[in-house]
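What follows is one structure encoded as structure tokens, with my remarks underneath.
Protein chains: 2
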Amino acid sequence: MKNSRELLADCGLNCTKERMLVIEYLQRHRTHPTAEEIYEGLCKMNAGVSRATVFNTLKTLSAQKALLTLQIGDGATRYDIYTTRHAHFRCLNCGKIEDIPMRKEDVMQLPQGYEICQSDYHFTGYCPECSGKSHILR
Amino acid sequence: MKNSRELLADCGLNCTKERMLVIEYLQRHRTHPTAEEIYEGLCKMNAGVSRATVFNTLKTLSAQKALLTLQIGDGATRYDIYTTRHAHFRCLNCGKIEDIPMRKEDVMQLPQGYEICQSDYHFTGYCPECSGKSHILR
DNA sequence: TTATTTTTTAGATAAAATCTAAATCCGAGG
DNA sequence: CCTCGGATTTAGATTTTATCTAAAAAATAA
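Taken in order, these protein sequences are the chains called P and W.
For the first sequence, the working numbering gives the first residue as 4, with consecutive numbering after it.
For the second sequence, the working numbering gives the first residue as 4, with consecutive numbering after it.
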């Protein structure tokens with residue numbers, strides 16, 4: 004796994020303490036957190052990083068394709084520092100968002116002429132742990 | 004194409020003038036509009052429908068799976084009244100959102116145990132019309 | 001019709017993200 | 001190491017998107 008300093012250098016971005024903290028938070032928390040969750044996590048560490056910086060950093064890194072942005076239908080944008088091809092699954096019962104491996108043959112080909120910069124494959128439903136349970140809460 | 008009255012009946016929803024107007028707007032505008040765009044469109048028609056009603060109606064209809072909600076990464080949620088299986092493509096140059104047909108074999112299978120309620124396959128990039136053009140504006 | 005329930009409404013509120021402009025930091029060049 | 005200029009950070013204001021509230025209106029049931 005690339006460290007935060009290397010990752011920033013590869014993106015051609017200056018190395019700042021704030022950017023490193025955001026990257027390292029995402030590397031430690033593979034839960035697809037929102038900007039707000041990252042901000043609160045850093046606050047608890049007394050990192051002294053402002054909310055605007057968290058948003059700025061996430062925006063800058065995603066412009067460099069150093070992280071994925073996820074709009075998976077439960078409000079705020081979520082972020083994923085692992086950028087190798089995979090799909091996402093969100094459980095309607097427990098709320099967790101899981102990475103789903105994607106094989107090459109799972110990637111849909113678009114008609115000639117489209118230039119793809121990004122693709123997102125999202126599933127919503129009940130995960131194996133929640134699927135068997137009573138549906139009363141639904 | 005089902006008319007708005009039939010569509011509401013099929014969902015077990017009361018038939019109101021406001022709901023019919025929202026459904027008919029979506030049937031006439033296959034551009035994947037936002038709630039705000041629908042509201043403004045109805046205002047121009049002097050439909051006298053409030054913003055809250057547009058949001059309420061969209062939420063009610065999507066809970067009944069009578070329409071798709073799209074979070075395709077450019078801000079507000081977008082809506083699509085055509086609910087047969089298809090993917091979406093958003094052009095970074097001209098901004099349009101296109102429907103992309105999906106064959107059965109394009110649908111990825113998840114591992115055993117997952118219960119899928121919804122799946123979304125979104126592509127972002129440059130459409131055939133914009134792909135050839137100068138990249139200066141990017 | 002009358003009663004009951006559902007829906008609509010305008011405006012207030014909340015949530016998510018961006019903007020602003022002043023302060024601070026980074027790092028290239030000396 | 002030090003300085004300078006551009007890049008970055010910051011707190012708070014603002015904007016955007018969506019939801020909440022409770023009273024009024026409309027739809028449905030009796």
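Yeah, the Cβ is synthetic: ideal placement off N, Cα and C, and Gly gets one too.
Treat the numbers as computed from the prediction; the structure is a model and nothing was measured.
#1: Can Y124 (chain W) be considered in contact with the ligand NAD, in the sense that its beta carbon sits closer than 7 angstroms to one or more heavy atoms?
#2: Does DSSP classify Y42 (chain W) as helix, strand or coil?
#3: Return helix, strand or coil for T56 (chain W), following the three-state DSSP convention.
#4: Nearest-angstrom Cα distance between Q121 (chain P) and I84 (chain W)?
#5: Using the beta-carbon of each residue, which ones in chain P are nearer than 8 angstroms to G128 (chain W)?
#6: For I139 (chain W), decide whether its Cβ has a neighbour in chain P, counting only Cβ atoms nearer than 8 angstroms.
#7: Could you give the first and the last residue of the continuous beta strand (DSSP E) run that contains I75 (chain P)?
#8: What are the start and end residues of the beta strand (DSSP E) that includes Y117 (chain W)?
#9: Sort P:F92, P:P36, P:T60, P:C46 by Cα distance to C18 (chain P) and report the nearest one.
#10: Between which two residues does the beta strand (DSSP E) carrying I103 (chain P) extend?
#11: For the alpha helix (DSSP H) that V22 (chain W) lies in, which residues bound it at each end?
#12: Relative to the C-alpha of E101 (chain W), which candidate in W:Y124, W:I41, W:R22, W:L64 has its C-alpha closest?
#13: I'd like to check one pair, M48 (chain W) with Q30 (chain W): are the Cβ atoms closer than 8 angstroms?
#14: Using the C-alpha atoms, what's the distance from C133 (chain W) back to I139 (chain W)?
#15: For P36 (chain P), is the classification buried or exposed, using 16 other Cβ atoms within 10 angstroms of its Cβ as the cut-off for buried?
#16: Answer yes or no: does any C-beta atom of chain P fall closer than 8 angstroms to that of A143 (chain W)?
#17: Does chain W have any CB closer than 8 angstroms to the CB of P58 (chain P)?
#18: Round the Cβ separation of Q67 (chain P) and C14 (chain P) to the nearest angstrom and send it over; I've been treating them as touching at under 8 angstroms.
#19: Can you find a C-beta in chain P that's less than 8 angstroms from the C-beta of M111 (chain W)?
#20: Candidates W:G78, W:T127, W:A90: which alpha carbon is nearest A38 (chain W)'s?
#21: Give me, in chain order, the residues of the same chain whose beta-carbon lies closer than 7 angstroms to that of L24 (chain P); leave out the 5 immediate sequence neighbours on both sides.
#22: Go to R88 (chain P), then tell me how far its beta strand (DSSP E) extends in each direction, as first and last residue.
Taking the coordinates as given:
#1: Among the components modelled here there is no ligand, and therefore nothing to report on the ligand NAD.
#2: In the second sequence, the residue the question calls residue 42 (chain W) occupies position 39. Note: Y42 (chain W) maps to helix in three-state DSSP.
#3: Within the second sequence, numbered from 1, the residue matching residue 56 (chain W) stands at position 53. Three-state DSSP puts T56 (chain W) in a helix.
#4: Working through the first sequence from its first residue, we reach residue 121 (chain P) at position 118. Working through the second sequence from its first residue, we reach residue 84 (chain W) at position 81. Cα to Cα, the separation comes out at about 25 angstroms.
#5: Start at 1 with the first residue of the second sequence, and residue 128 (chain W) comes out as number 125. The contacting residues are Y117, E118, I119, C120, Q121.
#6: Locating residue 139 (chain W) in the second sequence gives position 136, counting from the first residue. Bear in mind that a pLDDT of 42 at I139 (chain W), under 50, signals an unreliable position, so the number given afterwards is only what the model happens to contain. With 8 angstroms as the cut-off, I139 (chain W) does not count as an interface residue toward chain P.
#7: Within the first sequence, the letter at position 72 stands for residue 75 (chain P). From DSSP, I75 (chain P) is part of no beta strand (DSSP E); its letter is neither H nor E.
#8: For the purposes of this step, residue 117 (chain W) is taken as residue 114 along the second sequence, with counting starting at 1. Segment: none, Y117 (chain W) is in no beta strand (DSSP E) and carries neither H nor E.
#9: Here residue 18 (chain P) corresponds to residue number 15 of the first sequence, with the count starting at 1. Answer by Cα proximity: P:T60.
#10: Within the first sequence, numbered from 1, the residue matching residue 103 (chain P) stands at position 100. Residues 100 to 104.
#11: If you number the second sequence from 1, residue 22 (chain W) lands on position 19. Residue 22 (chain W) is actually Arg in this sequence, not Val. That run of the alpha helix (DSSP H) goes 20 to 31.
#12: For the purposes of this step, residue 101 (chain W) is taken as residue 98 along the second sequence, with counting starting at 1. Out of W:Y124, W:I41, W:R22, W:L64, W:Y124 has the C-alpha closest to the C-alpha of E101 (chain W).
#13: Residue numbering aside, residue 30 (chain W) sits at position 27 when the second sequence is read from its first letter. Residue numbering aside, residue 48 (chain W) sits at position 45 when the second sequence is read from its first letter. No.
#14: Position 136 of the second sequence, counting from 1, holds the residue named residue 139 (chain W). Position 130 of the second sequence, counting from 1, holds the residue named residue 133 (chain W). The pLDDT assigned to I139 (chain W) is 42, lower than 50, so where the model puts this residue is not dependable, and the model offers no usable value.
#15: Along the first sequence, read from residue 1 onward, the residue named residue 36 (chain P) stands at position 33. Burial call: buried.
#16: The structure shown does not extend to residue 143 (chain W), since chain W is modelled only from 4 through 141, so no value can be given for it.
#17: Within the first sequence, residue 58 (chain P) is the residue found at index 55, counting from 1. For the record, residue 58 (chain P) in the displayed sequence is Phe; it is not Pro. No - not a single Cβ of chain W is within 8 angstroms of the one on F58 (chain P).
#18: Counting from one through the first sequence, the residue named residue 67 (chain P) turns up at place 64. Counting from one through the first sequence, the residue named residue 14 (chain P) turns up at place 11. Confirmed, Cβ separation roughly 4 angstroms.
#19: Working through the second sequence from its first residue, we reach residue 111 (chain W) at position 108. Taking Cβ atoms only, chain P reaches closer than 8 angstroms to M111 (chain W), which makes this a yes.
#20: Reading the second sequence from its first residue, position 35 is the one you call residue 38 (chain W). Here the closest residue by C-alpha is W:G78.
#21: Your numbering for residue 24 (chain P) matches position 21 in the first sequence. L45, A50, V52, listed in sequence order.
#22: Translated into positions along the first sequence, residue 88 (chain P) becomes position 85. Per DSSP, R88 (chain P) belongs to no beta strand (DSSP E) and is neither H nor E.
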